[in-house]
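Read through the structure below, which is laid out as structure tokens, and then see the notes.
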Amino acid sequence: MPNDTGDFELEPAKKTWGEGIETRGEDSWTKTVTIEVVDASMPSKYELDARGAPNVDYCDLEAGKQAVVEEAEIMAQRDLWSGTVPISKVPERHRAGDESSFTPHDVAIGPYHAISSSFPRIEKQKLCCVGFLHSLSEQRTEGGLMGLAEKLEPLVRACYDPDAVSHMTPEQLSTMLLRDGCYLLACMVNYLDIMAAAAAAANNNKNADKLAHRCSSSSGKDVDSSSTGGGDSTVVRDTVFLVENQIPLFVLQRIHERVTGETTSSALERIALFVRKQLQVQLYISKKQQRPAPPQTSHLLHLVHAYIQPTNSSLPQASMKENTRAWQRTGRWHRAVEYRTHGNVRFKRRVFKEDDVWTILDVRLQGGTLWIPRLRVDGNTWTILRNLMALEEQIPRRPVTAYCLFMSQVAGTPEDVKLLVRSGTVEHFLASDEQVAQGFAGLCRGVVMDVDNIDRNYLKPLWHEMEERCDSRVHRFMGWFCQLKNIWSAIALLVALIVVACQLTQTFYAVVSYSRGGQQPKP
């Protein structure tokens with residue numbers, strides 16, 4: 001029954017027919033609709049058949065079918081997201097180590113830093129990206145990007161801490177999703193090439209050129225990774241490597257589908273190419289990285305974490321010796337100079353072949369040499385590692401945290417850093433070795449991990465092997481001998497050893513001669 005305003009309260013199970021129905025709100029339990037009352041004398045678009053059911057044309061059926069498909073995909077995405085990593089706030093014990101490592105400098109993405117907002121230049125670029133992708137989507141999908149963010153808003157809200165997004169209205173959160181999502185896609189995906197390639201594949205190169213010109217002029221200038229800052233190190237730092245500065249990847253996927261007009265086109269694959277390139281440039285992974293992007297990746301930093309994993313060649317192999325160590329306690333790592341002096345351990349940069357697949361975590365002890373992939377230390381290194389450790393608080397396996405504990409304790413003093421720099425395992429662009437040592441020493445401040453759990457600490461077997469070398473008297477002596485200050489000290493030691501050997505020999509023969517001289521000769 002209608003109320004005084006002409007509105008009807010409909011339950012979800014009931015069906016609504018008619019074209020002039022306007023939906024108010026997005027409540028999943030009830031929907032308030034307004035039905036336009038027309039003159040009964042006017043011809044109606046929907047005529048009743050013999051059964052009293054309205055005759056709906058084909059276009060309306062297709063639109064309804066598309067709506068049902070989109071709703072089913074959203075529900076499937078909800079189920080998929082429920083098993084992945086949420087976008088949570090950084091614990092205070094991590095933030096106390098370095099607040100700036102978790103704060104965006106130029107680009108604010110997501111609700112956690114929405115109050116601070118981005119630079120005016122970045123906000124203007126976000127609006128340009130929305131206009132650019134909306135113009136592309138209108139040519140592929142009816143309505144373009146209109147209404148997409150509103151459909152995803154309830155699902156996206158569940159991906160964040162409730163207290164952090166409770167102050168945002170659905171309209172504010174939807175607007176933020178659309179702007180941030182379009183900006184990220186414009187930074188990482190070249191849609192002009194995609195559209196031109198699609199038109200060329202259809203043997204319509206002339207229209208492809210027109211499309212590229214039209215799309216580039218729709219926002220007043222070309223919108224690609226160079227104009228939006230996709231290649232700028234600060235923009236990459238803010239949009240990719242900050243754990244709080246993220247939006248769910250399924251938002252980017254839905255926008256990508258609207259822009260390309262293809263539900264089978266994967267935005268994750270194209271974004272993964274961009275992320276892998278950034279990691280390869282910074283020497284975190286090998287250039288030959290053929291592992292596909294995991295389908296259940298939650299956000300961009302989660303994608304980064306999926307690629308920075310120890311390879312099979314660096315993982316410990318099960319053996320009887322490892323089983324005996326299972327109950328042994330794992331302690332603190334020694335300094336690099338202590339391993340060199342007390343364990344006769346040589347530190348060398350691990351060099352890989354061109355076809356090898358490796359990551360920065362592939363540390364291996366072979367003989368008396370500890371092979372470590374080169375770590376390039378710059379202004380963003382601590383930020384990347386700290387955010388990855390904060391992300392691993394929500395993940396069972398914590399290889400990055402184990403690696404950071406190793407490096408922070410091995411390279412915690414300027415003398416240690418100097419040794420690692422000389423060996424080629426550390427390459428830094430900071431002012432001095434002291435700054436690098438301070439960065440390593442404070443890297444794991446506030447970090448807590450069960451180092452005895454091999455599922456979390458993949459370097460546990462390595463620690464026990466290094467400890468055995470330090471406990472060996474032979475290795476301790478060889479390490480001490482090899483680290484003598486100069487050649488004269490070594491010569492003096494050798495002379496002393498020779499003198500001792502000569503004295504022992506002289507004493508031996510004296511005893512033998514005396515024992516023989518005391519015997520009576522035989523007749």
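Each residue of the sequence shown is one higher than the last, beginning at 1 in full-length UniProt numbering.
Note that the Cβ used here is the ideal one computed from N, Cα and C, for glycine as well.
All values derive from a computational prediction rather than experimental measurement.
Is residue i near residue j, with beta carbons less than 9 Å apart?
{"i": "Ser298", "j": "Val165", "result": "no"}
{"i": "Val337", "j": "Thr413", "result": "yes"}
{"i": "Ala402", "j": "Arg456", "result": "yes"}
{"i": "Met449", "j": "Arg398", "result": "yes"}
{"i": "Pro310", "j": "Thr359", "result": "yes"}
{"i": "Leu136", "j": "Val259", "result": "yes"}
{"i": "Leu300", "j": "Leu184", "result": "yes"}
{"i": "Lys126", "j": "Ser116", "result": "no"}
{"i": "Val304", "j": "Val275", "result": "yes"}
{"i": "Ser286", "j": "Asp232", "result": "no"}
{"i": "Met188", "j": "Arg270", "result": "yes"}
{"i": "Thr330", "j": "Trp463", "result": "yes"}
Skipping 5 residues on each side, what residues in its chain have a beta carbon closer than 6 Å to that of residue i?
{"i": "Gly261", "result": "Arg140 and Thr141"}
{"i": "Pro170", "result": "Glu153"}
{"i": "Thr175", "result": "none"}
How is residue i classed by DSSP in three states: helix, strand or coil?
{"i": "Gln282", "result": "coil"}
{"i": "Ile372", "result": "strand"}
{"i": "Leu211", "result": "The pLDDT assigned to Leu211 is 48, lower than 50, so where the model puts this residue is not dependable; a value taken from the coordinates is nonetheless given after this. Note: Leu211 maps to helix in three-state DSSP."}
{"i": "Glu142", "result": "coil"}
{"i": "Phe250", "result": "helix"}
{"i": "Val337", "result": "helix"}
{"i": "Glu427", "result": "strand"}
{"i": "Val421", "result": "helix"}
{"i": "Leu242", "result": "coil"}
{"i": "Ser513", "result": "helix"}
{"i": "Ala267", "result": "helix"}
{"i": "residue 580", "result": "Only positions 1 to 523 of the chain appear in the structure, and residue 580 is not among them; the question remains open."}
{"i": "Ala196", "result": "helix"}
{"i": "Tyr458", "result": "coil"}
{"i": "Trp81", "result": "Summary for Trp81: the model assigns pLDDT 47, below 50, so the residue's position carries little reliability, and this model does not support an answer."}
{"i": "Tyr112", "result": "coil"}
Looking only at its own chain, which residues have a Cβ that is under 7 Å from the Cβ of residue i, when we skip the five neighbours before and after it?
{"i": "Asp161", "result": "Ser88 and Lys89"}
{"i": "Ile395", "result": "Val85"}
{"i": "Thr383", "result": "Ser101, Arg237 and Phe241"}
{"i": "Ser44", "result": "Note that Ser44 scores a pLDDT of 41, beneath 50, so its modelled location is shaky; the value from the coordinates is reported in the next line. If we look at Ser44 and ignore the five residues flanking it on each side, it has no Cβ neighbours."}
According to DSSP, which residues form a beta bridge with residue i?
{"i": "Gln366", "result": "Thr369"}
{"i": "Tyr160", "result": "Ile87"}
{"i": "Thr359", "result": "Ile285"}
{"i": "Arg346", "result": "Thr369"}
{"i": "residue 566", "result": "No statement about residue 566 is possible, as the shown extent of the chain runs from 1 to 523 and does not include it."}
{"i": "Val377", "result": "His428"}
Determine the direct distance from the alpha carbon of residue j to that of residue i, and round the result to whole angstroms.
{"i": "Ala196", "j": "Val130", "result": "19 Å"}
{"i": "Thr505", "j": "Asp433", "result": "50 Å"}
{"i": "Asn453", "j": "Phe406", "result": "15 Å"}
{"i": "Leu268", "j": "Gly181", "result": "13 Å"}
{"i": "Ala441", "j": "Ala293", "result": "33 Å"}
{"i": "residue 526", "j": "Glu92", "result": "Past the boundaries of the shown model lies residue 526; the chain is included only from 1 to 523, so the question cannot be answered."}
{"i": "Ile255", "j": "Gln435", "result": "43 Å"}
{"i": "Arg237", "j": "Gly367", "result": "39 Å"}
{"i": "Ala114", "j": "Thr239", "result": "13 Å"}
{"i": "Asp471", "j": "Gly343", "result": "8 Å"}
{"i": "Asp416", "j": "Arg376", "result": "16 Å"}
{"i": "Arg473", "j": "Ala501", "result": "20 Å"}
{"i": "Tyr307", "j": "Glu392", "result": "14 Å"}
{"i": "Tyr112", "j": "Arg95", "result": "14 Å"}
{"i": "Thr32", "j": "Pro104", "result": "The pLDDT assigned to Thr32 is 37, lower than 50, so where the model puts this residue is not dependable, and the model offers no usable value."}
Excluding sequence positions up to five away, which residues of its chain have a Cβ less than 8 Å from the Cβ of residue i?
{"i": "Leu370", "result": "Tyr339, Val345, Arg346, Phe347, Lys348, Val363, Arg364 and Met466"}
{"i": "Lys15", "result": "Low per-residue confidence applies at Lys15: pLDDT is 35, beneath 50, and the placement is therefore not dependable enough to give any value."}
{"i": "Leu177", "result": "Ala149, Leu152, Glu153, Val156, Ile247 and Val251"}
Does the beta carbon of residue i come closer than 9 Å to any beta carbon on chain B?
{"i": "Pro373", "result": "No chain B appears in the structure shown, which is made up of a single protein chain."}
Beta carbon of residue i: closer than 8 Å to some heavy atom of the ligand SAM?
{"i": "Thr175", "result": "The ligand content of the structure shown is nil, which means the ligand SAM is not present either."}
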